[in-house]
Amino acid sequence: MSRRTSGRTVWNTVGVALFVIMVFPIFWMVSTAFKPDDEINSRTPTWFSLHPTLSHFGTAIHKPFFWVDVKNSVIVVLVVVAVAMVLSLLAAVALAKYRFTGRRLFIILMIGIQMLPGVGLVIPLYVVLARYHQVNTLTGVIITYLTFALPFSVWTLRGFVLGIPKDLEEAAMVDGSSRLGAFLRILLPLVAPGLVATSVFAFITSWNEYIFARILLNDQGKQTATVWLSYFLGTSRNTDWGGLMAGSTLIAIPVMIFFLLIQRRIAFGLTAGAVRG
Amino acid sequence: MASAAETVPRSRRRSFSWRRFARGAVPYALILPVVSVLGAILGYPIYSLVRLSLQQYGLFELIQHKGKYIGLHNFGLVLHDPIFWHTVVRTIVFTIANVGLTMVLGTFVALLLVRVSTWVRLLLTGGLVLVWAMPPVVAVQVWNWITNYQNGILNYVLTELHVGNYFQHDWYATTFSQLGIVTVLIVWGALPFVVITVYAALSQVPGELVEAAEIDGARPWQVFLDVTMPVIRPVLLILTSLSILWDFGVFTQPYLLIGQPAIHPSNYLMAIYLFEEGYFKNDYGRGAAISLLMLVIVAAMSVVYVRKMVRIGETE
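Structure below.
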């Protein structure tokens, strides 16, 4: 028994050490954001500041275009999530509840598109959107994000729709509801948690996206939050690490909150099929 | 909408009826919106990708909205460009290193999660989820700060731990070191997904079997190879293929961490090569040819994964 206990102590120690290493960059980001400049630029680091300051957050949000670009990000994300959820729920129902000719092809498309490296489509999307004068507009970015949000959402929602017991739906139809009525009254409330989880995931991927936003949006007042952050340092020689870390913290926080909320569900949605297959 | 239960076998319903036709059309009506949106916004760019790759298409043509057909000239240029081949080799080596590290470390941490006490497991999983949530652009900026040569914490810690004298060490001095730092960033960011997925798969390993093997005197690595491995192999296969695809096409981390001014043919990865040669130099035709070549390589690599997932989708 004592061997078991000591073995566990070793593993626990390794586990805690790993936790510290993994989380350190996030801790360092937040800790730096609250530190006064002299502590940041000192050669000996301060782990926890005893004189925390909010001034870097002030610098970050008053930097040109912060609010405009955050607003742009929010608009893009909301439109992408709304459109993707409505369209992909319909397709997910078709995949989960019906057998039809072309189903296999549709599945291949949904998975294949997710495999396309986004960067491979940057050039033609840029040229096509330029032709229709959609470069430098949020519409172009929204359209582009949909190509990646849709297949993912269809595939994940399919898993959630499958999880609904068939008897429930059939019971409703025996009661005399039409198929559409059954869909609305039984399926929708049951699939709602899955819908929330999937939309949060679509939210996060759109919020985090960089390369398409970087290429399709050139005007500083029309960019998204991640592009804003990537230009934060500019070309100045004296790096404002405090401001950069404060801006980073502000952009990471919404994502972290959402992720903690849905983490269990989405890990299930992504892996359930894989484990069972 | 038809209201009869759909369990009626097809063969029994012989005569044509509008009701049956309508029911058969339902799934197509349901997938139509997604198919048409994807067709419009993906089909056309893919078509124009092929067309662009056969054209002389620069800034002038972009303004004119009209390219000049030059056949396979762009492909010839790319395939005769030694930078292309060096980049392909560099990206393959980079991908192998990144995927290898991610999968080995990920499996190790997942196995560790099974062995630790509950509070450590919750702590570590919580930390992993936080890392998972970090937007790549934010992670890059934090890495920038940690590795900066003047007062980055990495140099301080390495010097204090007596690993060596890292005082004002420049991590971005050589290609090897640049891509090494990028690898650390990518593996750090990719670990949570791999660990949590493998851990979920490990919960399917029958505990009695492991115990029986241990009583029979099997060594830990034998138990892992003979009992655990067969159960988690499908998950490892899927994760490996996904990681290969992601790491082969990675752009944000290397581009922003190395920094545009320091990007150079000697440290190109595939996606950066495409971006610099096609977009940055306004040579969209050649960029399209590079894209197509890259898509072909990726498609060849993803066959295994797509086939596996399609099987799952069909059996359910």
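Residue numbers (our numbering), protein chains in the order written: chain A, 203 to 479; chain B, 16 to 331. Each residue gets a CB set at the ideal place from its N, CA and C atoms; glycine is no exception.
Would you check if the distance between the CB atom of residue i and the CB atom of residue j is smaller than 8 Å?
i              : j              : result
residue 346(A) : residue 414(A) : yes
residue 271(A) : residue 427(A) : yes
residue 393(B) : residue 257(B) : With chain B running from 16 to 331 in the structure shown, residue 393(B) is simply not present.
residue 110(B) : residue 263(B) : yes
residue 238(A) : residue 157(B) : no
residue 499(A) : residue 232(A) : Residue coverage of chain A in this structure runs from 203 to 479, which leaves residue 499(A) outside it and unanswerable.
residue 160(B) : residue 447(A) : yes
residue 143(A) : residue 267(A) : The shown model of chain A, from 203 to 479, leaves out residue 143(A), and the question about it has no answer.
residue 209(B) : residue 214(A) : no
residue 238(B) : residue 219(B) : no
residue 329(A) : residue 62(B)  : no
residue 290(A) : residue 355(A) : yes
residue 344(A) : residue 283(A) : no
residue 146(B) : residue 412(A) : no
residue 113(B) : residue 202(B) : yes
residue 134(B) : residue 162(B) : no
residue 217(B) : residue 314(B) : no
residue 103(B) : residue 285(B) : yes
residue 323(A) : residue 42(B)  : no
residue 184(A) : residue 225(A) : Outside the shown range of chain A (203 to 479) lies residue 184(A), about which nothing can therefore be said.
residue 436(A) : residue 261(A) : no
residue 253(B) : residue 269(B) : no
What in chain A is Cβ-close to residue i, meaning under 8 Å?
i              : result
residue 294(B) : 324, 325, 328, 417
residue 198(B) : Neighbours of residue 198(B) on chain A: none; closest Cβ ~15 Å, over 8 Å.
residue 160(B) : 230, 231, 234, 443, 446, 447
residue 187(B) : Under the 8 Å cutoff, chain A gives no residues; its nearest Cβ is about 14 Å from residue 187(B).
Starting from the beta carbon of residue i, find every residue of chain B whose beta carbon is closer than 7 Å, and list them in chain order.
i              : result
residue 245(A) : 166
residue 461(A) : 144, 147, 148
For a contact defined as C-beta to C-beta under 9 Å, what are the partners of residue i on chain A?
i              : result
residue 171(B) : 245, 246, 247
residue 146(B) : 224, 225, 227, 228
residue 299(B) : 325, 326, 328, 329
residue 313(B) : 317, 318, 319, 322
Under 8 Å between C-beta atoms, does residue i make it to chain A?
i              : result
residue 150(B) : yes
residue 142(B) : yes
residue 45(B)  : yes
residue 156(B) : yes
residue 286(B) : yes
residue 325(B) : yes
residue 278(B) : no
residue 309(B) : yes
residue 74(B)  : no
residue 56(B)  : yes
residue 77(B)  : yes
residue 235(B) : no
Hey, does residue i have any beta-carbon neighbour from chain B nearer than 8 Å?
i              : result
residue 433(A) : no
residue 287(A) : no
residue 221(A) : yes
residue 314(A) : yes
residue 388(A) : no
residue 402(A) : no
For a contact defined as C-beta to C-beta under 9 Å, what are the partners of residue i on chain B?
i              : result
residue 217(A) : 124, 127, 128, 130, 131, 132, 135, 136, 138, 139
residue 269(A) : None at all; the shortest Cβ gap to chain B is about 18 Å.
residue 277(A) : Within 9 Å Cβ-Cβ: nothing; residue 277(A) doesn't reach chain B, min ~18 Å.
residue 349(A) : 52, 53, 56, 57, 60
residue 262(A) : Neighbours of residue 262(A) on chain B: none; closest Cβ ~12 Å, over 9 Å.
residue 428(A) : 150, 151, 152, 153, 267
Which residues of chain A have a Cβ atom closer than 7 Å to the Cβ of residue i, listed in chain order?
i              : result
residue 303(B) : 325, 326
residue 266(B) : 321, 413
List the residues of chain B whose Cβ lies closer than 8 Å to the Cβ of residue i, in chain order.
i              : result
residue 409(A) : 150
residue 494(A) : Outside the displayed range of chain A (203 to 479) lies residue 494(A), so it cannot be described from this structure.
From the DSSP output, read off the bridge partner residues of residue i.
i             : result
residue 70(B) : 84(B)
### Query
Which residue spans inside the segment 277-363 of chain A form an unbroken alpha helix (DSSP H) run of at least 4?
Segments of the alpha helix (DSSP H) lying fully in the segment 277-363 of chain A: 305-317, 324-333.
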